Amino acid sequence: MSLLLNLAYLVVLVIFSPWLVYKSLTTGKYRRGLWAKFTGRAFLRTNLSPCVWFHGVSVGEIHLLRQLVAGFRQQHPEWQCMISTTTDTGFEEATKRFAELPVFYWPLDFSWAVRRALGRVRPNLVVLAEGELWPNFCLAAKAMGVPVAVVNGRMSPRSARRYRWLPWLVRPLFARLDLIAAQTTDYAVNYQALGARSVHVTGSIKFDGVEGNRENPRTQELRRLLAIDHDELVWIAGSTQAPEEQIALEIYKRLKPGHPRLRLILVPRQRERFDEVAAMLRNSGLPWVRRTELSTHRSPLTTHHSPPTILVDTIGELGALWGLANVAFVGGSLNGKRGGQNMIEPAAYGAAVVFGPHVWNFMEIAARLVEAGAAIQVAGGAALEQVMRRLLNDETERKRLGAAARQFVFAQQGATERTLDLLDNLIKVRVAHAA
-14 MSLLLNLAYL VVLVIFSPWL VYKSLTTGKY RRGLWAKFTG RAFLRTNLSP
36 CVWFHGVSVG EIHLLRQLVA GFRQQHPEWQ CMISTTTDTG FEEATKRFAE
86 LPVFYWPLDF SWAVRRALGR VRPNLVVLAE GELWPNFCLA AKAMGVPVAV
136 VNGRMSPRSA RRYRWLPWLV RPLFARLDLI AAQTTDYAVN YQALGARSVH
186 VTGSIKFDGV EGNRENPRTQ ELRRLLAIDH DELVWIAGST QAPEEQIALE
236 IYKRLKPGHP RLRLILVPRQ RERFDEVAAM LRNSGLPWVR RTELSTHRSP
286 LTTHHSPPTI LVDTIGELGA LWGLANVAFV GGSLNGKRGG QNMIEPAAYG
336 AAVVFGPHVW NFMEIAARLV EAGAAIQVAG GAALEQVMRR LLNDETERKR
386 LGAAARQFVF AQQGATERTL DLLDNLIKVR VAHAA
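Position one of the sequence shown corresponds to residue -14 (my numbering), numbered consecutively onward.
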C-alpha cells in the first residue's frame, strides 16, 4: 500500500507543482522546512526517556495543545514532550508557546519521510490535535508499535462524506487508531461509521484555559497600543476570509455616521491576504492604520481626531484582541469555503458574538451558543448589517448576549482533564502489554 500511496502523492505533486512554485514565489508559502518535510528530518532524540509527540497542524491546533501539554507534563514529568506542526504560522506560534520544547515540521506522507521521522523521534505515543490523519504515517507507526491518538477530534458530516469516497483506504486507517477523543457525540458517531474503534466523547479542549478577563495584560497592552478608550464601541471582525472584509467595511461605512465612537478592527485569517485587505482599506476612503506600523512605545493613533479602522497584520494576537470587542464577528463563516472559525474565545470575554451560516467546523458549538441565546447566526451580509445595527443601538441586548456567551463557555470546561485520563489509560494498557 505504501508504494501505491507514494506514487499517488508524486503524481499529485507533479500536477500541482506549477501552482506550488507560483505560490512559493509570490507569497513565500511552502518554502520553509520543505526539505525537512520531504526527507523526514525531524528532531533527533538521543535520550532514553519515554517520549510523546504532539502534533498541531497550524495556529489553532497549537493553541489548544497548550493546556493538554501542560497537563501531561505535570502528570508525567519523566516523559519528554515534542511538538510538530505543518504550517509556517503554526511553527512560529509553536516556538513561542513551547519555547522550552523541541519544535519541528511534520513530515510529508511519503513512506521514507514518515519512517525516518519516527526513527529520529522514537516516540512512545503520538497525539494528533483534531485530525491530520495520513495513511503512510499511521502504517509506519503501527509497524513500529507506536500508538496514535486523536484528541479534540472533529469529524463534520462534510468531512465524513469525503472520507467515504475511499472506503478501502479509510476504514483500515481509522481502525489503526488507538484512541479518538471526540468533541461531540455526533463527531464520535461519524468516526465510528468510518471504522474507528476506541472512540470517546470528551467535549472540546478549546473551552479549557480560555481567557475571560478583559483586564489581562496582553489585552490591556493592545488597548493602549491601539488607543481604544473604554467608552468606544469596538467591532472586531476576526479570522476573516474573502469577501468578509469587504462586507464588514461596507457595513461599517454605513453605520459609522450614526455611531461616531464606533471602531472596526479587521483581522484576516491568512498572512498572505494582509496586503490585499490593506488595498481595500486604501480604496475605502476611511482613516486606517496597520498594526505593524504601531510602535510599542508610542501609538500614532492618539494623533487622530477620529480613531481609524485598524488592520491587524500580525499572527497570534487575535485571542487577546477579542477582549476589546463589544461585538465580535467570527469569520470564515460567510463564504461557504472555510466552515467557520473558533467562536469560543470572544464568547469567553463576554462579547456579543455573531457568525454566518457556514460553521460546520464548529457545528455543535455554534448551534448550542445560538440555542442558549448566547450568539447570533446570520444568513449573509445583509442580515449581518441588520444585526449590527440592532446591537449597536441596543446596549442591553449586547450585554445580555455577552453575559450568556460567557456563562455558556465556562459551563463547558473539563475536556482537558477527561482527555488526559484517556491518554493515561492508553499508556497503562501499552505498559501492561509490553510487560
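Every residue, glycine too, gets a C-beta built ideally from N, C-alpha and C.
Everything numeric in this text was worked out from a predicted model, so none of it was measured.
Query, Result
"Whole-angstrom distance between HIS215 and CYS123, CA atom to CA atom", "51 Å"
"The alpha helix (DSSP H) enclosing TRP97, as first and last residue numbers", "96 to 106"
"Local conformation of ARG254 per DSSP, three classes", "coil"
"Residue environment, GLN52, which counts as buried when at least 16 other CB atoms sit within 10 Å", "buried"
"Residues near GLY194 in its chain [Cβ-Cβ closer than 6 Å; skip 5 each side]", "GLN52"
"Contact the region 380 to 395 vs the region 330 to 337: 3+ CB pairs below 8 Å", "yes"
"Reference PRO242; option with closest CA among ALA125, TYR90, LEU271", "LEU271"
"Extent of the continuous beta strand (DSSP E) to which HIS185 belongs", "184 to 186"
"Contact check, PHE39 vs ILE68, beta carbons under 8 Å", "yes"
"DSSP three-state assignment for VAL174, whether helix, strand or coil", "helix"
"Cβ-Cβ distance between VAL339 and ILE361 below 8 Å", "yes"
"Short Cβ contact (8 Å threshold) for LYS191 with LEU49", "yes"
"In chain order, each beta strand (DSSP E) run of at least 3 residues that lies wholly inside the region 113 to 172", "133 to 138, 164 to 167"
"Bridge partners - PHE400, DSSP secondary structure assignment", "What sits at residue 400 in the sequence shown is Ala, not Phe. DSSP, once it has assigned bridges, lists no residue as partnering ALA400."
"Buried versus exposed call for GLU330 [16 or more other C-beta atoms within 10 Å across all chains shown]", "buried"
"Endpoints, the beta strand (DSSP E) within which SER224 is located", "218 to 225"
"Of the residues ALA160, THR169, GLY130, the one placed nearest SER183, counting alpha carbons only", "ALA160"
"Proximity winner among ARG146, GLY138, ASP163, GLU257, relative to PRO132 (alpha-carbon distances)", "ASP163"
"Unbroken beta strand (DSSP E) run spanning MET(-14), endpoints", "Here MET(-14) belongs to no beta strand (DSSP E), and DSSP marks it neither H nor E."
"Residues near GLY18 in its chain [Cβ-Cβ closer than 6 Å; skip 5 each side]", "TYR90"
"7 Å CB neighbourhood of ALA126 in its chain, flanking five on each side removed", "LEU103, VAL111, VAL133"
"GLY358 and LEU303 closer than 8 Å at C-beta", "no"
"Candidates ASN320, ASN175, ALA181, of which the one nearest VAL363 by Cα", "ASN320"
"Cβ pair count under 8 Å reaching 3, the region 225 to 238 against the region 252 to 262", "yes"
"contact_flag[the region 371 to 378, the region 389 to 409] where n(CB pairs < 8 Å) is 3 or more", "no"
"Endpoints, the alpha helix (DSSP H) within which TRP20 is located", "19 to 24"
"CB contact flag (PRO108, TRP64, <8 Å)", "no"
"Candidates PRO202, LEU(-11), ARG26: closest to ASN121 by CA position", "LEU(-11)"
"Coil, strand or helix - HIS282 by DSSP", "Unreliable positioning characterises HIS282 in this predicted model, as indicated by a pLDDT of 47, which lies under 50. A coordinate reading is not provided."
"Alpha-carbon spacing of GLY116 relative to GLY138, whole angstroms", "6 Å"
"Check whether THR509 and VAL44 have beta carbons under 8 Å apart", "No answer is possible for residue 509: it lies beyond the span of the chain, which begins at -14 and ends at 420."
"C-alpha gap between GLY316 and GLU356, whole angstroms", "20 Å"
"Cβ neighbour criterion (16 or more within 10 Å) applied to TYR7", "exposed"
"Bounding residues of the alpha helix (DSSP H) (the contiguous stretch that carries SER269)", "259 to 269"
"Residue interval of the alpha helix (DSSP H) (run including PHE57)", "44 to 60"
"Proximity winner among ARG258, LEU405, ALA114, relative to GLU230 (alpha-carbon distances)", "ARG258"
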